[in-house]
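I have placed the structure first, in the form of structure tokens, so that the comments after it can refer back to it.
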Amino acid sequence: MILSSIFRALTRCKLGTHNFDGCNILLQIWFLEHFYRHPTITNFRELWPNRTYDHQKRIDQCDLPEGIDTWKKLLLTLSARQITWNYDWFSSKEVICESAYHSYLVLIGLDGVQHYAPLRVMRQFARLQEVPPTRDMSKFCYDFGKDQPHDEEEIMKIWYASKVSELNEMVEDRDRGEVIPEYITWFSDPSSFRDRPEGSNRRRNDQRTIERLKEELEHAQMTIAKQQAQQQAGVAQIRLSIEKDYQSALGIMDKDLKHAKNEAARLEEELANTIGLVRRVEANKNKLQEDLSIIEEDAHQQQLEFDQQKEQFERERAHWIRSKGQLYAQLEEIKRQKRGYQHADFEAEQRQWMIERGVLNRRIEEYEGREAQMGHALNTTQMWL
């Protein structure tokens, strides 16, 4: 209701009224919040809830211009970057932006009805500003009077079909707002803001029908555009999903390729090591064969020497056996001579015989020792061969 009164007062001023009879303080607070830069985050401890009480103090701090010309110059030179489009203490989670029947809303005040088009000021609600539809809204712009018709049922129908912009449609930069390039072109076109008799209620029936058909057509176009946007978003999502899957598959293939390369390098290294090992084994085999040939040759030579030593041993053994037989025969002969010897030099002969006997025994022992050594050497040589 307060918003309707402010908009009705502004509309009257636009039509030539010299007195603004709306809520001046609220309009000034709105002006200061949007057109004068201040910290993005409000210090509620200092300023809340004394916006009204501290209003004059805040005006003095802003150093506002004086005079109509100065104000006009300020407003004409004001740029978008100098405007705070959405301030922090304004709740923008859910915003009623339009109706299913019209692209605008209808406000009912104490003294009249005023149309309101939030789609033209979506930046103030921290939403993306697009090109708003242009409608003839003069049907819902009038003051209450005796001769003025008032269709309350249609106005309530518009409100019951309200559309809400959710929190997920809020832009990141709430302070500066975001717009599409087409909106800049539309805003710069003077024909977009051609004057219309907002306060006049005289319309022809055919003109109303044309406007209604235009609204229905544009509503259908908006619905189609939204569906196309949703389809494009779906296609973009599918494309993004395919790209992600492709990148994921590509990453897996790249990982597998690196693993295969590492495995191939490892196998090549193992093959090189195996080839080196085979070559070393072949070299060792050749060396062992050479050593075996040398050993076999040495064994053959030693076998020949052994055979010669054995033959020599057999000859010496046969000679020793003959010598032993001769010694035993000599010993028996000495014994026999001893028994038949009766002359005076018997003791001298006996001593001589004992000496010869000891010599013979020592020779026998030497022959037996040599026989044992040669037998041990023969056994050792046979075991080694």
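At position 344 of the sequence shown the residue is numbered 344 (the UniProt record's numbering), and the sequence of numbers has no breaks. Note that CB positions come from ideal geometry on N, CA and C, so glycine has one too.
In this chain, the beta strand (DSSP E) harbouring I108 covers L105 to I108.
In this structure, the beta-carbon distance from Q129 to N86 does not fall below 8 Å.
Per the C-alpha coordinates, the member of Y160, Q352, V113 and M354 positioned closest to G145 is V113.
Distances from the alpha-carbon of H18 to those of L76, N273, S293 and A9 put A9 closest. Per DSSP, the continuous alpha helix (DSSP H) segment holding H55 begins and ends at H55 to C62. Put simply, the backbone Cα of L110 is about 24 Å away from that of V121. In the structure shown, the three-state DSSP call for R127 is strand.
Within its own chain, the residues whose Cβ lies closer than 6 Å to the Cβ of Y101, once the five positions on either side in sequence are excluded, are I158 and A161, listed in chain order. The straight-line gap separating the alpha-carbon atoms of I2 and F31 is approximately 16 Å.
Contact between G22 and I6 holds: CB atoms are separated by about 4 Å, below the 8 Å threshold. The criterion of a C-beta distance shorter than 8 Å is satisfied by V171 and A126. For T380, the closest C-alpha among the options Y367, K310, R336 and E368 is that of K310. Sixteen is the threshold: when 16 or more other Cβ atoms of the shown chains lie within 10 Å of the Cβ of T84, as they do, the residue is buried. Contiguous alpha helix (DSSP H) elements confined to the stretch 281-354 do not occur, taking only those with 4 or more residues. Annotated three-state conformation of D256 is helix, per DSSP. For H115, the uninterrupted beta strand (DSSP E) segment begins and ends at G112 to Y116. When DSSP states are grouped into helix, strand and coil, C13 belongs to the helix group. In this structure, E371 lies near R317, with their beta-carbon atoms less than 8 Å apart.
Taking all protein chains shown into account, E33 has 16 or more neighbouring C-beta atoms within 10 Å of its C-beta and is therefore buried.
The Cβ atoms of R174 and R81 do not sit closer than 8 Å to each other. In this structure, DSSP gives D69 a helical state, which the three-state scheme calls helix.
Inter-residue distance for R239 and A117 is about 36 Å (C-alpha atoms, whole angstroms).
Residue state for E365 is assigned as helix, using DSSP reduced to three classes.
For S188, the enclosing alpha helix (DSSP H) begins and ends at P181 to S188. Of the other Cβ atoms in all chains shown, 16 or more fall within 10 Å of the Cβ of E98; this residue is therefore buried.
With a cutoff of 8 Å on beta-carbon distance, I108 and S4 are scored as near each other.
Selection L167, G325 and Y367 evaluated against K93 yields L167 as nearest (Cα-Cα). Here the alpha carbons of Y183 and Y53 stand approximately 38 Å from one another. Here M354 is exposed: its Cβ has fewer than 16 other Cβ atoms, across all protein chains shown, within 10 Å. Beta-bridge partners assigned by DSSP to E152: none are found. In the three-state reduction of the DSSP assignment, V164 falls in the strand class.
Beyond the five residues adjoining it in sequence on each side, R58 comes within less than 7 Å, by CB distance, of L32 in the same chain, given in chain order. In the three-state DSSP reduction, V171 falls in the coil class, being neither helix nor strand. In the three-state scheme derived from DSSP, where H, G and I count as helix and E and B as strand, I96 is classed as strand.
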